[in-house]
Each structure stands twice: as C-alpha cells, then as structure tokens.
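Inspection log for the structure reproduced underneath, given as structure tokens.
In our numbering, the protein residues as written are 20 to 100.
Written out as structure tokens, the structure reads:
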C-alpha cells in the first residue's frame with residue numbers, strides 16, 4: 020500500500036459521491052481532501068471556495084496487515100483523524 024493506493028481510493032469515493040476536489044493534503048500514509056458535491060446543499064467556504072464534503076484516509080499497519088481507515092464528513096470532518 021502507498022499514497023497512490025490512497026489516492027485511488029479517494030478518487031473512487033469522490034466519483035461515487037459526484038464530488039469535485041477543491042483542496043487537499045497528501046502525505047505518504049495520509050490523504051485529506053475537501054470537495055464539493057451537488058448531493059448536499061449546505062456548505063462552508065475555505066479560501067473563498069465552497070466545500071461540503073471532506074474525506075480523510077489514513078494507512079496504518081497492524082501486526083499482520085495494512086488497514087485503510089476512511090473518515091467522511093459533511094460539510095467537514097469534526098473529529099480527529
């Protein structure tokens with residue numbers, strides 16, 4: 020697993036939710052994307068850009084396997100991820 024795999028997973032989630040990426044942060048084992056989707060009317064603004072969806076993926080290794088934790092929030096994620 021790597022960032023490419025995380026990015027592919029984020030893209031699949033965004034496609035499913037008909038969302039378009041607005042901004043994001045990408046690290047080796049972490050990806051956080053703010054996006055906008057027509058599926059939700061309420062939104063907030065970040066840097067004068069409308070967002071109503073946030074997706075965070077973190078790759079973690081357990082004793083035996085790699086696990087991808089996925090957190091989705093609308094309009095934003097309100098917990099630590």
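Note that beta-carbon positions come from the ideal geometry of N, C-alpha and C, so glycine has one too.
Suppose you measure from the CA of residue i to the CA of residue j; what does that come to, to the nearest Å?
i	j	result
residue 46	residue 71	22 Å
residue 51	residue 82	25 Å
residue 31	residue 67	26 Å
residue 28	residue 96	18 Å
residue 33	residue 80	25 Å
Taking only three categories from DSSP, how would you classify residue i?
i	result
residue 25	helix
residue 72	strand
residue 33	helix
residue 88	strand
residue 82	coil
For the candidate residues the options, whose alpha-carbon lies nearest to that of residue i?
i	options	result
residue 77	49, 36 and 43	49
residue 90	97, 75 and 98	75
Can you tell me where the beta strand (DSSP E) with residue i in it begins and where it stops?
i	result
residue 46	39-46
residue 64	63-65
residue 51	49-55
Hey, is the stretch 55-67 in contact with the stretch 84-92, meaning 3+ C-beta pairs nearer than 8 Å? No, the stretch 55-67 is not in contact with the stretch 84-92.
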